[in-house]
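In the working numbering, the protein residues as written are 3 to 248.
Backbone N, C-alpha and C fix where the C-beta goes; we use that ideal spot for every residue, glycine too.
Notes to accompany the following structure.
Structure (structure tokens):
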């Protein structure tokens with residue numbers, strides 16, 4: 003039996019990077035996957051790729067910062083698959099690093115809308131369904147949100163990610179009695195569209211000497227979503243090649 007056989011997962015930010023890699027691995031491991039994102043071309047392509055390999059997936063175009071669209075996303079998931087076992091909150095953006103005194107309020111607000119408010123909305127509207135399945139919430143934060151790690155002048159991004167970590171801890175404690183597990187991953191420099199410079203530039207400052215890959219993150223998320231991780235909740239897991247040790 004596959005690791006996630008019979009499970010239903012919602013993945014946000016599923017049309018590229020970590021989200022796409024995780025959605026594909028979820029399907030490979032037996033889950034039915036809702037691909038939530040804004041890029042229609044990529045979303046349909048990933049849906050077809052999963053289906054062509056014998057998996058089950060449905061792309062739903064969704065702006066996860068818009069409450070009505072999130073509500074529809076959750077209801078459509080129930081219509082298609084009748085339940086929700088896994089929520090992987092993964093949508094995220096990063097504005098260019100800048101001094102705080104010249105950071106635009108619009109950039110600050112938009113970063114928090116995508117990186118934090120979308121997580122709130124997804125959790126709010128999936129909670130009752132996750133209670134029924136004793137499900138799992140995995141929030142994608144960043145090592146830049148950890149207490150001992152600062153990333154230069156990436157204020158909006160780092161602070162929003164720190165808030166995700168705090169949110170995850172509170173949810174893990176408060177949702178345990180409901181049978182819902184909540185864990186938080188904190189990737190470091192991963193080779194996705196969020197990297198602003200060539201991967202080789204980052205490598206010397208990472209103890210393992212290289213950046214990570216989306217597929218490596220996907221394996222951790224898949225494990226945390228499985229019954230093999232049934233006793234893990236409240237974990238805040240750096241996945242950064244040792245960068246947060248610096």
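Per DSSP, the continuous alpha helix (DSSP H) segment holding residue 221 begins and ends at 216 to 227. With the rule of 3 Cβ pairs closer than 8 Å, the segment 37 to 56 does not count as touching the segment 96 to 111. Sequence-distant partners of residue 61 (beyond 5 residues in either direction) whose C-beta falls short of 6 Å from its own C-beta, in its chain, are 37, 45, 46, 49.
Here residue 63 is bridged, per DSSP, to 39. Looking at the DSSP output, residue 176 shares a beta bridge with no other residue. Within its own chain, the residues whose Cβ lies closer than 8 Å to the Cβ of residue 214, once the five positions on either side in sequence are excluded, are 189, 190, 191, 192, 193, 241, 242, 243, listed in chain order.
For residue 14, the enclosing beta strand (DSSP E) covers residues 10 to 14. Between the segment 158 to 165 and the segment 204 to 223, the count of C-beta pairs closer than 8 Å stays below three; the two stretches do not touch. In this structure, the CA atom of residue 133 is about 44 Å from the CA atom of residue 203. When the beta-carbon positions are compared, residue 169 and residue 141 come within less than 8 Å of each other. The beta carbon of residue 89 lies closer than 8 Å to those of 11, 12, 124, 125, 128, 132, 137, 138, 139, 140 in the same chain, with the five residues before and after it left out. Selection 166, 6, 43 evaluated against residue 16 yields 43 as nearest (Cα-Cα). For residue 97, there is no enclosing alpha helix (DSSP H), as DSSP marks it with neither H nor E. Within the same chain, 225 come within 7 Å of residue 231 by CB-CB distance, once the 5 residues on both sides are set aside. Here residue 81 is exposed. Its C-beta has fewer than 16 other C-beta atoms within 10 Å. For residue 124, the three-state secondary structure derived from DSSP is helix. The C-beta of residue 39 has 16 or more other C-beta atoms within 10 Å across all chains shown, which makes the residue buried. In the DSSP assignment, residue 238 falls within the beta strand (DSSP E) that extends over 238 to 241.
For residue 80, there is no enclosing beta strand (DSSP E); the residue is part of the alpha helix (DSSP H) that begins and ends at 69 to 83.
Around residue 195, the same chain offers 18, 19 as residues with beta carbons nearer than 8 Å, after the five sequence neighbours per side are excluded. Assignment of beta-bridge partners to residue 90 by DSSP yields 13, 140. Straight-line spacing of the CA atoms in residue 83 and residue 72 works out to 16 Å. Following the DSSP letters along the chain, one finds residue 112 inside the alpha helix (DSSP H) bounded by residues 107 to 114.
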